[in-house]
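Residue numbers (the numbering used here), protein chains in the order written: chain A, 1 to 358; chain B, 1 to 333.
I have placed the structure first, in the form of structure tokens, so that the comments after it can refer back to it.
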Amino acid sequence: MFYREAGDFKTNYADDSQTFPIAFDRKAYYAAMFVAFCVIPLVINSYWEKSVLVPFLVWSIAALGLNILTGYCGQVSLGTGGFMAVGAFAAYKLMTAFPELNIFFVVFLSGGITALVGIAFGLPSLRIKGFYLAVATLAAQFFLVWLFNKVPWFYNYSASGQITAPERTVFGVIVTGPNAPSWATYLFCLTILFLLAWGARNLTRGRIGRSWMAIRDMDIAAEIIGVDPLKAKLSAFGVSSFYIGVAGALFFASYLGAAEVTEAFGINQSFLVLFMIIIGGLGSIFGSFAGAAFMVLMPVALKNLLVGGLGWPTDIAAHLELTIVGALIIFFLIVEPHGLAQLWRLTKEKLRLWPFPY
Amino acid sequence: MSPVFLNTLEVILNGLMAGVMYSLVALGFVLIYKASGIFNYAQGVMALFAALTLVGLQTGQVPFSHLINAIFGTEVHHFGWELPALVAIVLTLGVMVIFAILVERLVLRHLVGQEPIILFMATIGLAYFMEGFGDLMWGSDIKKLDVGLPSGGSFWLEDVTRGWAAEGADYYGMYIDLLDVWAAIVATILVVSLTLFSQYTKTGRALRAVADDHQAALSVGIDLRTIWVITWAIAGFVALVAGVMWGAKSGVQFSLSLIALKALPVLMLGGFTSIPGAIVGGLIIGVGEKLFEYAIGPMLGGATENWFAYVLALLFLVFRPQGLFGEKIIERV
Numbered sequence: 001m002f003y004r005e006a007g008d009f010k011t012n013y014a015d016d017s018q019t020f021p022i023a024f025d026r027k028a029y030y031a032a033m034f035v036a037f038c039v040i041p042l043v044i045n046s047y048w049e050k051s052v053l054v055p056f057l058v059w060s061i062a063a064l065g066l067n068i069l070t071g072y073c074g075q076v077s078l079g080t081g082g083f084m085a086v087g088a089f090a091a092y093k094l095m096t097a098f099p100e101l102n103i104f105f106v107v108f109l110s111g112g113i114t115a116l117v118g119i120a121f122g123l124p125s126l127r128i129k130g131f132y133l134a135v136a137t138l139a140a141q142f143f144l145v146w147l148f149n150k151v152p153w154f155y156n157y158s159a160s161g162q163i164t165a166p167e168r169t170v171f172g173v174i175v176t177g178p179n180a181p182s183w184a185t186y187l188f189c190l191t192i193l194f195l196l197a198w199g200a201r202n203l204t205r206g207r208i209g210r211s212w213m214a215i216r217d218m219d220i221a222a223e224i225i226g227v228d229p230l231k232a233k234l235s236a237f238g239v240s241s242f243y244i245g246v247a248g249a250l251f252f253a254s255y256l257g258a259a260e261v262t263e264a265f266g267i268n269q270s271f272l273v274l275f276m277i278i279i280g281g282l283g284s285i286f287g288s289f290a291g292a293a294f295m296v297l298m299p300v301a302l303k304n305l306l307v308g309g310l311g312w313p314t315d316i317a318a319h320l321e322l323t324i325v326g327a328l329i330i331f332f333l334i335v336e337p338h339g340l341a342q343l344w345r346l347t348k349e350k351l352r353l354w355p356f357p358y
Numbered sequence: 001m002s003p004v005f006l007n008t009l010e011v012i013l014n015g016l017m018a019g020v021m022y023s024l025v026a027l028g029f030v031l032i033y034k035a036s037g038i039f040n041y042a043q044g045v046m047a048l049f050a051a052l053t054l055v056g057l058q059t060g061q062v063p064f065s066h067l068i069n070a071i072f073g074t075e076v077h078h079f080g081w082e083l084p085a086l087v088a089i090v091l092t093l094g095v096m097v098i099f100a101i102l103v104e105r106l107v108l109r110h111l112v113g114q115e116p117i118i119l120f121m122a123t124i125g126l127a128y129f130m131e132g133f134g135d136l137m138w139g140s141d142i143k144k145l146d147v148g149l150p151s152g153g154s155f156w157l158e159d160v161t162r163g164w165a166a167e168g169a170d171y172y173g174m175y176i177d178l179l180d181v182w183a184a185i186v187a188t189i190l191v192v193s194l195t196l197f198s199q200y201t202k203t204g205r206a207l208r209a210v211a212d213d214h215q216a217a218l219s220v221g222i223d224l225r226t227i228w229v230i231t232w233a234i235a236g237f238v239a240l241v242a243g244v245m246w247g248a249k250s251g252v253q254f255s256l257s258l259i260a261l262k263a264l265p266v267l268m269l270g271g272f273t274s275i276p277g278a279i280v281g282g283l284i285i286g287v288g289e290k291l292f293e294y295a296i297g298p299m300l301g302g303a304t305e306n307w308f309a310y311v312l313a314l315l316f317l318v319f320r321p322q323g324l325f326g327e328k329i330i331e332r333v
């Protein structure tokens, strides 16, 4: 009854092409932003920050990035973990080399550096397609992790090979490292996610986004109608790596505080992000969030249920979690191959007709 | 002969042996890819699962003992018997066939006609599932696998090669693991029998028909589902062989499932659709990474084996996108 375009008159082009054409959606969006920015920081505690909210924000950024490359441009990548490592190490080097540099610049500069690395590893995509490309991106994953492990310059010759985030402030409040207050890291990550999600939404519906989708749907046909595959593919790799690099920088600086490259940025992270966008929905901004929320929340919920609720040993709970994650992925792929975003779309279609479905 | 030359020869020989092991895993990938167009990421975990089951059956472990103990507070671990290796292998084979049937029934049947990437993701889901399931069933501790294959260095070869070096040279003979030699022999037998099977039996011919063209195969009366079960069962068998060889070499543990990742560059190099490609690709990768590690690795800080295979395959693909023996990619709008 409330979910209608009716009565919402669009009087100019800007109104016509807005992201949320339905008034109810718009209000829900503003309400969600209000809760996220103004309410949650007041009630957040350390547990929710560390195990749910900040991981969700960081993985959402990574999922957005991979969704741009895989969901919008159709290039499957298994190198996400490696690119996140580039972002993290770039942030670390920038933070230690230029202590006065504002942390926002550090994060976005690390994204930029990752974008350059991503473009370099994206070059083979002009020749290699499909699974061959997916496997080729594994080269990036393993090579980058090995590089950060073996070249001491990257971790400033520290004895353990770990990188530890120094404390940096925004308006006098610490936002990185282990001593940062929960609400500060949360707001810091949220602000960056907000900016990036806004950017992603507008990139993907503009000229460049359309050229990505043309390449995804059929690259040769796209080339014939005048889309330059070189530009489209490399820009997708660049933008995607930028997002993933920012996610890596935040993951290291705000969430982990200290990281060891093989543990924090291994191949499992690549698969995790890939799962997020598959379960959430390929080629959908909302899907990236839904997938990230699902993959972050489910292990936490399972762990609380099995270890906290039933008192099982943690190792069995971990194995059962793997089993359930695997089964759920297969289940989702069978029931709804287009992910949670498609379910959301269907719900919205139903809602618009409700309560008179015909 | 100078020791440097002999050392290089040893590295090459060991690389060939390692390559055979990679080929064993890659073979399973190729079989499934040819028959159903599915890129089966779970192949490595299948090898782990098969090896776990084999060890579990051999030593008479109670399946799910940890889970049972956790739920009911009991203390069961072993049935108290030990099976001979051959019986355990046959039983494990049975388990892999049941697994193949279940995969077809529960997963593949519902995903017919989906995009390749969706199928690929499903096999990653399958890999996660089996990894957790195998650990739940048999426990996650490192197990020793012993099916009676000889292992350790060959003294005979050491003595012979020491004689080749110049008199008084600082050289102690080559080290080649007997297990690797056996693996090479088993792999050869496996490839030959698979080739014979696909060339000279009715089922084998049906398999090749399906690999060639699904629709045409269907129209001449070949049941696709049966073929898929057979393919997955054969892939399970190959996984078992790979699991036994790798398990005997380095113990049955989680890292066994990572050999799938090693097999991927082999596939890229050889082409996803070619059995000889898997073998040759495996040998090239094996020799290449061992030689690179021996010659250039120390300059770069070692452990180059982690990525060398991928980078080699990547560079190779840039010049030949379909791999060494892959079918030529023809694209139409």
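C-beta atoms are modelled at their ideal positions from N, C-alpha and C, and glycine is treated no differently.
Because the structure is a prediction, the values reported are computed rather than measured.
C-beta neighbour in chain B for Phe271(A), strict 8 Å: yes
Contacting residues, own chain, Cβ-Cβ under 6 Å from Lys262(B) (five flanking each side not counted): Tyr22
Which residues bound the alpha helix (DSSP H) around Pro229(A)? Pro229 to Leu250
Would you call the segment 315–323 of chain A and the segment 259–266 of chain A touching, i.e. three or more CB-CB distances under 8 Å? no
Just confirm the distance between the C-beta atoms of Gly359(A) and Gln141(A), as a whole number of angstroms; I'd bet it's less than 8 Å. No answer is possible for residue 359(A): it lies beyond the span of chain A, which begins at 1 and ends at 358.
Return no unless some Cβ of chain A is closer than 8 Å to the Cβ of His214(B). no
Chain D partners of Ile334(A), CB-CB under 7 Å? The structure shown contains no chain D; its protein chains are A and B.
Which of helix, strand or coil DSSP assigns to Lys143(B): strand
Please check the pair Val170(A) and Ile278(A), which I expect to be a contact at CB under 8 Å, by giving their CB distance rounded to whole angstroms. Not really, about 34 Å apart at Cβ, beyond 8 Å.
Provide the residue(s) that pair with Gln61(B) in DSSP beta bridges, ordered along the chain. His78(B)
Please list the partners that Leu126(B) has in chain A, where partner means a Cβ-to-Cβ separation under 7 Å. Gly326 and Ile330
Going straight from the alpha carbon of Ala214(A) to that of Gly172(A), what length do you get? 46 Å
Burial state of Cys189(A), where buried means 16 or more other Cβ atoms lie within 10 Å: buried
Contact set between Ala100(B) and chain A, taken where Cβ atoms lie within less than 7 Å: By Cβ distance, chain A contributes nothing, its closest Cβ being about 16 Å from Ala100(B), past 7 Å.
Nearest candidate by alpha-carbon position, reference Val107(B), set Leu119(B), Val191(B), Ile98(B) and Met96(B): Leu119(B)
Cβ closer than 8 Å: which chain A residues qualify as neighbours of Ser140(B)? Asp315 and His319
Sub-8 Å separation of Tyr33(B) and Ile124(B) beta-carbons: no
Buried or exposed, going by whether 16 or more other CB atoms sit within 10 Å of the CB of His338(A)? buried
What do you reckon, are the CB atoms on Ala239(B) and Ala47(B) nearer than 8 Å? yes
8 Å Cβ cutoff met for Gly248(A) and Met84(A): yes
Whole-angstrom Cβ separation of Gly301(B) and Lys150(A), contact assumed at under 8 Å? 4 Å
Which one of Val135(A), Leu78(A), Ala301(A) and Arg216(A) has the shortest CA to CA distance from Ala232(A)? Arg216(A)
Buried or exposed: Asp223(B), going by 16 or more other Cβ atoms within 10 Å of its Cβ? exposed
Measuring alpha carbon to alpha carbon, tell me which residue in Ala290(A), Ile324(A), Gly283(A) and Gly291(A) is nearest Lys303(A). Ile324(A)
Counting only runs that start and end within the segment 102–158 of chain A, where is the alpha helix (DSSP H) found for 4 or more residues in a row? 103–122 and 130–150
Starting from Thr362(A), follow its DSSP beta bridges and name the residues at the other end. Chain A is shown only over 1 to 358; residue 362(A) falls outside these bounds and no answer can be derived.
Residues of its chain near Ile208(A), where Cβ-Cβ distance is below 7 Å and the 5 sequence neighbours each way are ignored: Ser235
By the criterion of Cβ-Cβ separation under 7 Å, what are the contact partners of Thr323(A) in chain B? Phe129, Gly132, Phe133 and Leu136
If we ignore side chains and look at the alpha-carbon of each, how far apart do Leu347(B) and Ala327(A) end up? Examination of residue 347(B) is not possible in this model, given that chain B is present from 1 through 333 alone.
Between the segment 291–318 of chain B and chain A, which residues of the former have CB atoms less than 8 Å from a CB of the latter, in chain order? Leu300, Gly301, Gly302, Ala303, Thr304, Asn306, Trp307, Tyr310, Val311, Ala313, Leu314, Leu317 and Val318
Using a Cβ-Cβ cut-off of 7 Å (strictly less than) and excluding sequence neighbours within five positions of Arg208(B), which residues of its own chain qualify? Ser198
Quick one: what does DSSP say Ile12(B) is sitting in, helix, strand or coil? helix
With 8 Å as the threshold, decide whether the Cβ of Glu331(B) is near any Cβ in chain A. yes
Determine, using beta carbons only, whether Lys303(A) comes closer than 8 Å to chain B. no
Could you name the residues of chain A that His66(B) contacts, counting a contact when the two beta carbons are closer than 7 Å? Ile316
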